[in-house]
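Visitor: The numbering of the sequence shown is my numbering, which starts it at 23 and goes up by one.
Here's a structure for you.
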Amino acid sequence: MRETISQEIGTNTGKIGISLSSGIDSTLILALLREEYPSNEIESISVKFSESTDETNASQKISEKFQTNHHILEIDNFLEELPKAISIVKQPFWDLHWYYLVKKMKDLTNVFLSGDGGDELFGGYTFRYKKFIELTAENSTTREKIIAYIDCHERDWVPDQEKLFHPENKFLWDDIYKILEPYFDNSLSPLTQVFLADYNGKLLHNMQPLYSSIHKHFDIQNIAPIQNKRLLQFSCEIPNRLKYDSDTNSGKILLARLLEKFNAKHLVSLKKQGFSVNTINMWKSYGKDIFLHYFDKSRLLEDKIINPDWIKQYASKNDLNVRYVNKLLGILALEIWYRIFITNEVSPDEKLDF
23 MRETISQEIG TNTGKIGISL SSGIDSTLIL ALLREEYPSN EIESISVKFS ESTDETNASQ
83 KISEKFQTNH HILEIDNFLE ELPKAISIVK QPFWDLHWYY LVKKMKDLTN VFLSGDGGDE
143 LFGGYTFRYK KFIELTAENS TTREKIIAYI DCHERDWVPD QEKLFHPENK FLWDDIYKIL
203 EPYFDNSLSP LTQVFLADYN GKLLHNMQPL YSSIHKHFDI QNIAPIQNKR LLQFSCEIPN
263 RLKYDSDTNS GKILLARLLE KFNAKHLVSL KKQGFSVNTI NMWKSYGKDI FLHYFDKSRL
323 LEDKIINPDW IKQYASKNDL NVRYVNKLLG ILALEIWYRI FITNEVSPDE KLDF
């Protein structure tokens, strides 16, 4: 990681940025960065979402220890610039907090670091591992393990998922199973199979292409030391016990040990997983109103992509659980994407601030 940092930054004597949550990954990268560049000004950014858990006090203490110029980016309306963010990544995702962070970072520096990849490569999704182990056995079939893996992603789907789409667009779970089959139909141990699925689903085919599009748009260099090729290979070779301890449900064990060398482990949240917004509060505060505005005359409904009966059943409810809120936010993102790229009636500069 230190080699990656020094090779990418070189002899740069200017300001260097870093995305700083209160977690292990970004704190470790900051520690290595400060050790490698003791004299450079470091601009660190943490994100604070309205009506969500505020962990910026912890990031402030980490900033003080490693002597950075710390900035707290406060986001009141998480969805306000969703059309712009979607126009950049060209995919219908709603959770694009990285857009706001990089936009702010560009005002401070042209190069910044992040701790992305720690969860996927070194065992950070402890809640998923614990549940997967509880749902499977050594003799579980490939299909059983795939279903268990999907059950560990409750926030990404809803129990009546099949009814979400218009009858002319049949949703089949078998199609989803086929996508995941290569990760579970092999000789790897069940937990290693989960690591493999997470790496491909979360990092390789999600985070990396999305973030790359945002970096390119803002013409900014991002350095993710944990994702260097040598470390990727290393993460595949070390035993799982150095990633996850099922007895204590602890993850990223090896990275946590490295952090101890910098006397900073006591400052971090060991369960922290990046910046996250409270979607229930967001939905009640303004998300629901934005959704209903766009679905008053939805193009997805008019073109028979989404089932109007499903939308009517859930969109106006006052006590939705988080799974349905997340799904409705995903559908909102799809509606915005559709209006930008298919019907060409929404400008990327349109603000969702009504």
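Cβ coordinates follow ideal geometry from the N, Cα and C atoms, glycine included.
Computed from a prediction, not measured in an experiment: that's the story for all the values here.
Quick check on the DSSP output: the beta strand (DSSP E) that includes Asn-303 runs from which residue to which?
Guide: Note, Asn-303: premise wrong, no beta strand (DSSP E); alpha helix (DSSP H) at 301 to 304.
Visitor: What is the rounded straight-line gap between the Cα of Leu-194 and the Cα of Pro-204?
Guide: Cα to Cα, the separation comes out at about 18 Å.
Visitor: DSSP beta-bridge partners for Phe-96?
Guide: Residue 96 is actually Glu in this sequence, not Phe. According to DSSP, which records beta bridges pairwise, Glu-96 is partnered with Lys-70.
Visitor: Pick out whichever of Glu-156, Ala-159 and Lys-326 has its Cα sitting closest to the Cα of Leu-186.
Guide: With distances taken between Cα atoms, Leu-186 lies closest to Lys-326.
Visitor: With a 10 Å radius around its C-beta and 16 neighbouring C-beta atoms as the bar for buried, classify Lys-251 as buried or exposed.
Guide: Lys-251 is exposed by the Cβ-count criterion.
Visitor: Kindly identify the DSSP beta-bridge partner or partners of Glu-65.
Guide: Glu-65 is bridged to Gly-39 and Asn-91.
Visitor: At the level of alpha carbons, what is the spacing between Asp-311 and Cys-174?
Guide: If you take the alpha carbons of Asp-311 and Cys-174, they lie about 30 Å apart.
Visitor: Output the boundary residues of the beta strand (DSSP E) element that contains Thr-244.
Guide: According to the sequence as given, residue 244 is Asn; it is not Thr. Counting along the chain, the beta strand (DSSP E) containing Asn-244 begins and ends at 243 to 245.
Visitor: Which same chain residues end up closer than 8 Å to Tyr-308 when comparing Cβ atoms and leaving out the 5 residues on each side of it in sequence?
Guide: Here the set comprises Asn-99 and Leu-101.
Visitor: Quick check: what's the CA-CA separation for Asn-329 versus Ser-61?
Guide: Going from the Cα of Asn-329 to the Cα of Ser-61 covers about 58 Å.
Visitor: Return the Cβ separation of Ile-248 and Leu-143 in integer angstroms, given the expectation that the two are a contact with Cβ distance under 8 Å.
Guide: Yes, Ile-248 and Leu-143 are in contact; Cβ-Cβ is about 6 Å, under 8 Å.
Visitor: Within the same chain, show all residues whose beta-carbon is closer than 8 Å to that of Glu-77, passing over the 5 residues directly before and after it, in chain order.
Guide: These residues qualify, in order along the chain: Ser-43, Ser-44, Ser-68, Ser-291 and Lys-294.
Visitor: For Ala-355 versus Phe-71, is the C-beta spacing smaller than 8 Å?
Guide: The answer is no: Cβ separation not under 8 Å.
Visitor: Let me check one thing: in DSSP terms, what residues is Ile-328 bridge-paired to?
Guide: In the DSSP output, where bridge partners are listed per residue, Ile-328 has Phe-187.
Visitor: Pick out whichever of Ser-209, Asn-191, Ser-66 and Phe-134 has its Cα sitting closest to the Cα of Thr-164.
Guide: Closest by alpha carbon: Ser-209.
Visitor: Distance, Cα to Cα, Phe-376 vs Phe-317?
Guide: So the two alpha carbons sit approximately 14 Å from each other.
Visitor: Which full runs of the alpha helix (DSSP H) of 4+ residues lie inside the region 119 to 152, going along the chain?
Guide: Fully enclosed alpha helix (DSSP H) runs of 4 or longer: 119 to 128 and 140 to 144.
Visitor: Just grab the DSSP bridge partners of Ser-272 for me.
Guide: Partner(s): Asp-267.
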